[in-house]
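K.L.:
Before I ask anything, here is the structure I am working with.
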Amino acid sequence: MHLSCFFQAILFLVVPHILVAADINDKGFQKAVLDAHNIDRAKHGVPAVTWDNELAKFAQKWANNCDFKHSGGPYGENLHGEWTAGSIEFNKKAKSGIHNGWYSEVRKYNFNMPGFSMETGHFTQVVWKSSKRIGCAWNTNTCNSNGMKFYKLVCEYLPAGNIANHFKENVPRPIQQAHVTELKYNKLEDEVDFSSFEQEKEDL
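Following this line, the structure appears as structure tokens:
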């Protein structure tokens, strides 16, 4: 049973950054997305994922649908959205969305009772051991409402994660438990840091 289509999260942020074009063929964007995923996956000792152009094309098509809901497609899928009066720096926001929005759900995951939860479904897909390839995209069209712009990041995963009865082997504990409570991503260019998972985030 594929469960990843039953959850989503919205981040409401006001950001004044200058627009940088979102392009699925841009190597910088691909690197930002892969680094963000693979740093998190390494914390759990699972293999790195690689970029897949076909998945990225699917993600691009769905990202350009301004509705913030899951596609119901054949892949695993995570969504991240931001409303803003201005524009965003896509690569940096992709990194922070993956970390602060998706992976940070690790603090709510019960490794003693592995399984799907609406509160942790993004995290479990990010680190899902059997997922090998990903493709991500921001919307390239304009989605506006009440004077605000909406930016939507879509990531597709193959094989899909969040498969019932397969969580124990695909969502292993962090290699060091300290990573759950004192995790810093100083290797990232924008130094995303959420060192205390015990603090609630306003955007989750």
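Residues -21 to -1, 1 to 183 (mature numbering (1 follows the signal peptide of the UniProt record, and there is no 0)) make up the sequence shown, in order. Even for Gly, the Cβ is constructed at its ideal location relative to N, Cα and C. Treat the numbers as computed from the prediction; the structure is a model and nothing was measured.
#1: Under the rule that 16 or more other beta-carbon atoms within 10 Å means buried, what is residue 104, buried or exposed?
#2: Just reading off the alpha helix (DSSP H) that residue 41 is part of, what are its end residues?
#3: Report yes or no: do three or more beta-carbon pairs, one from the stretch 82 to 90 and one from the stretch 122 to 140, lie closer than 8 Å?
#4: Is the stretch 110 to 120 touching the stretch 35 to 53, taking contact as three or more C-beta pairs under 8 Å?
#5: Just grab the DSSP bridge partners of residue 133 for me.
#6: Under DSSP, the alpha helix (DSSP H) around residue 18 begins and ends at which residues?
#7: In terms of residues, what are the limits of the alpha helix (DSSP H) holding residue 104?
#8: Buried or exposed: where does residue 77 fall if 16 or more other Cβ atoms within 10 Å of its Cβ makes it buried?
#9: Opposite residue 121 in the DSSP bridges: which residues?
#10: Checking 9 Å against the spacing of the C-beta atoms, do residue 106 and residue 22 come in under that value?
#11: Thinking just about the alpha-carbon of each residue, which of 57, 83 and 15 is nearest to the one in residue 141?
#12: Which residue comes first and which comes last in the alpha helix (DSSP H) that contains residue 70?
#13: From what residue to what residue does the alpha helix (DSSP H) around residue 84 run?
#14: Can you give me the C-alpha to C-alpha distance between residue 61 and residue 130, rounded to a whole angstrom?
#15: Grab me the residues of residue 19's own chain with a C-beta within less than 8 Å of its C-beta, minus the 5 sequence neighbours each way, in chain order.
#16: Could you check whether residue 70 and residue 185 sit closer than 9 Å to each other, using their CB atoms as the reference points?
#17: Classify residue 111 as helix, strand or coil using the three-state DSSP reduction.
P.N.:
This is what the structure holds:
#1: Mapped onto the sequence shown, residue 104 falls at position 125. By the C-beta density criterion, residue 104 is buried, having at least 16 other C-beta atoms within 10 angstroms.
#2: As a working mapping, residue 41 is identified with position 62 in the sequence shown. Looking at the DSSP string, the run of the alpha helix (DSSP H) that includes residue 41 is 32 to 42.
#3: The stretch 82 to 90 makes no contact with the stretch 122 to 140, as fewer than three CB pairs between them are under 8 Å.
#4: A contact exists between the stretch 110 to 120 and the stretch 35 to 53.
#5: Within the sequence shown, numbered from 1, the residue matching residue 133 stands at position 154. Listed as beta-bridge partners of residue 133 by DSSP are 58 and 116.
#6: Mapped onto the sequence shown, residue 18 falls at position 39. The continuous alpha helix (DSSP H) containing residue 18 extends over residues 6 to 21.
#7: Here residue 104 is taken as the residue at index 125 of the sequence shown, counted from 1. It spans 100 to 106 - the alpha helix (DSSP H) in which residue 104 sits, taken as one unbroken run.
#8: The sequence position of residue 77 within the sequence shown is 98, counting from 1. Residue 77 sits buried, since 16 or more C-beta atoms from the chains shown fall within 10 Å of its C-beta.
#9: Here the question's residue 121 lines up with position 142 in the sequence shown. The partner list for residue 121 (beta bridge, DSSP) is empty, contrary to what the question assumes.
#10: By 1-based counting over the sequence shown, the position of residue 106 is 127. By 1-based counting over the sequence shown, the position of residue 22 is 43. Their beta carbons are under 9 Å apart, which means residue 106 touches residue 22 by this criterion.
#11: Here residue 141 corresponds to residue number 162 of the sequence shown, with the count starting at 1. Ranking the options by Cα distance to residue 141, first place goes to 57.
#12: Residue 70 sits at position 91 when you count from the first residue of the sequence shown. For residue 70, the uninterrupted alpha helix (DSSP H) run begins and ends at 69 to 75, by DSSP.
#13: Locating residue 84 in the sequence shown gives position 105, where the first residue counts as 1. That residue, residue 84, is in no alpha helix (DSSP H); it is neither H nor E in DSSP.
#14: For the purposes of this step, residue 61 is taken as the residue at position 82 of the sequence shown. For the purposes of this step, residue 130 is taken as the residue at position 151 of the sequence shown. Residue 61 and residue 130: Cα-Cα distance of roughly 5 Å.
#15: Taking the first residue of the sequence shown as 1, we reach residue 19 at position 40. Correct list, in chain order: 77, 78, 82, 105 and 106.
#16: An answer regarding residue 185 cannot be provided, because it is not within the stretch -21 to 183 covered by the chain.
#17: If you number the sequence shown from 1, residue 111 lands on position 132. Under the three-state reduction of DSSP output, residue 111 falls in the coil class, being neither helix nor strand.
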